[in-house]
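Reminder that position 112 of the sequence shown reads as 670 in the numbering used here, one-by-one numbering, no gaps. Glycine included, C-beta positions come from ideal geometry on N, C-alpha and C. This one's a predicted model, so the numbers in the text were calculated from it and none came from an experiment. Working notes, structure below.
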Amino acid sequence: MNLPQKKNAQAVPRESVLPDDSVPTRRRISLAIAFPELPREFWSRVETGIDAAILQYRDLGLTVRSVRSKDYDLTDQKQKMLELVDSGEYDAIAISPNDPQEMTDVIDYAVSRNLTVGTFNSDSPLSSRLFYIGCDYRVAGRLAADALCRFVGRKGRVGLIMSYTNLQMQQKVTGFREVIGSYPDVELRAPLKLGPEEDTPFETFAGYFEGLDGLYVASAKLHLIASHLEAAGLAGRVALIGHDMNEDIREGLKRDAITATICQDPFSQGYLIVKSLFEYLSSRKQPAPDEKRIKLELVTKENARYYA
Numbered sequence: 559m560n561l562p563q564k565k566n567a568q569a570v571p572r573e574s575v576l577p578d579d580s581v582p583t584r585r586r587i588s589l590a591i592a593f594p595e596l597p598r599e600f601w602s603r604v605e606t607g608i609d610a611a612i613l614q615y616r617d618l619g620l621t622v623r624s625v626r627s628k629d630y631d632l633t634d635q636k637q638k639m640l641e642l643v644d645s646g647e648y649d650a651i652a653i654s655p656n657d658p659q660e661m662t663d664v665i666d667y668a669v670s671r672n673l674t675v676g677t678f679n680s681d682s683p684l685s686s687r688l689f690y691i692g693c694d695y696r697v698a699g700r701l702a703a704d705a706l707c708r709f710v711g712r713k714g715r716v717g718l719i720m721s722y723t724n725l726q727m728q729q730k731v732t733g734f735r736e737v738i739g740s741y742p743d744v745e746l747r748a749p750l751k752l753g754p755e756e757d758t759p760f761e762t763f764a765g766y767f768e769g770l771d772g773l774y775v776a777s778a779k780l781h782l783i784a785s786h787l788e789a790a791g792l793a794g795r796v797a798l799i800g801h802d803m804n805e806d807i808r809e810g811l812k813r814d815a816i817t818a819t820i821c822q823d824p825f826s827q828g829y830l831i832v833k834s835l836f837e838y839l840s841s842r843k844q845p846a847p848d849e850k851r852i853k854l855e856l857v858t859k860e861n862a863r864y865y866a
C-alpha cells in the first residue's frame, strides 16, 4: 500500500506549519481529521470550525490535515484511516465514522499504535476512542417529534423518512418514536426507508404522502422531500421537519415547504474536536461534559437568517 506522504503548508492549504525555530520550546502536535464528503455544505461549515481552531493553536505548534472519504463509502474511509495510522505522522486522529460499528476495529488499531482518537458528529461508542464531540441524536429525534406533534395540533397522522441504518439514525428514530408514543391522538405511519442515492424519484413518495398531516425526515434529504411535497401540491399543508441548514433548506423555509429544521452547530463540532484533542495532547486536559455535547436548535423561517 502506498502511504500518503506528509505535505507542507503550500501543498495542503488546511495544514498550518510554522518554521522550526519559531516555537523552539514547544512540542509539535500533528492531527489528522477524517470525515465524509457529503452533505457538502454541512462539512464545509465543520471545516470553518476546524480552521478557526488551527488559527488559535498554530502558534503553539499545531498542524492539522483534513481528509475526506468518498461519499458515504465505508471501504474508502477505512483505507484512508489505515493510511493515516500507518504513516506514523500523527499524534492523534479525529474521525466521523461512516459506520460506527464497522469502524470499531480500525479505531482500536489506531489506539494500539499509541494514537489518541476522538470521534465527532458520529460516534463509535464500542471502540477505544477517548471521547465524542457531537449531538445527542436521541434527543434530536425527541425534539423533532415534539415539535411535529405541536405543528399538527397534537392529533393526526405523521410519517417518518429515514435512510441507511447506522447508530446515529437508530438514535434519532428511537427518540422520535418515544415522544410520538406519548401523544395518544397521533398515529405514526410505518417508516419509508431510502437508499443512499441523492436523487430519489417523486414516484417513491407519492403514495407515502397521502393522508399525512406531518412528516419527519431523519436523513440528510430534507430539501429533496420538500421539493416533492411541493410537486404534490402539499407544501404548507403537511408539516415538514428535518435536520441541518443549507441554501435549499433556507429557501424551503421561506416558501413554507419546510416547517422547521434542527441545526446541530457544525462550526462548533469542527472547532471543539481540534481544541479538545490539542488540549489533551498538550496538557492531558479532557473536555468538560458541556463541551462534548453540541446544542440542538429549532429553526423556522423567522430565525433562519441567523443560521447562514
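Residue interval of the beta strand (DSSP E) (run including Tyr774): 772-775
| request: Grab me the residues of Thr858's own chain with a C-beta within less than 6 Å of its C-beta, minus the 5 sequence neighbours each way, in chain order. | output: Ala818
Review point. Which residues in the same chain have their Cβ closer than 6 Å to the Cβ of Tyr615, if we skip the five residues on either side of it in sequence?
Key: Phe836
Review point. With which residues is Gly714 paired in a DSSP beta bridge?
Key: Val744
For this session: Compute the Euclidean distance between the alpha carbons of Gly733 and Tyr695, then round it to the nearest angstrom.
Result: 8 Å
* Could you check the C-alpha separation between Lys659 and Thr633 for me, to the nearest Å? => The amino acid occupying residue 659 in the given sequence is Gln; Lys does not appear at that position. Between Gln659 and Thr633, the C-alpha separation is close to 13 Å.
Q) Which class does Ile719 belong to by DSSP, given the choice of helix, strand or coil? A) strand
Worksheet entry | Boundaries of the beta strand (DSSP E) in which Gly733 is found, first to last residue | Where Gly733 is concerned, there is no enclosing beta strand (DSSP E), although the alpha helix (DSSP H) it sits in stretches over 725-738.
Taking only the alpha-carbon atoms, compute the straight-line gap between Ala509 and Asp771 and give it to the nearest angstrom. Since the first residue shown for the chain is 559 and the last is 866, residue 509 is missing from the structure and cannot be characterised.
- Message: For Gly794 and Tyr630, I'd like the C-alpha separation in whole angstroms.
- Response: 32 Å
Quiz item: So Cys707 and Tyr741 are in contact, right, with Cβ under 8 Å, and what is the actual spacing, rounded?
Solution: 5 Å
Exercise. Flag this pair as touching only if the stretch 671-684 and the stretch 645-659 have three or more C-beta atom pairs under 8 Å; answer yes or no.
Key: yes
Exercise for the section: Counting only runs of 4+ residues fully inside the stretch 591-654, write out the alpha helix (DSSP H) ranges in chain order. Expected result: 598-615, 632-645
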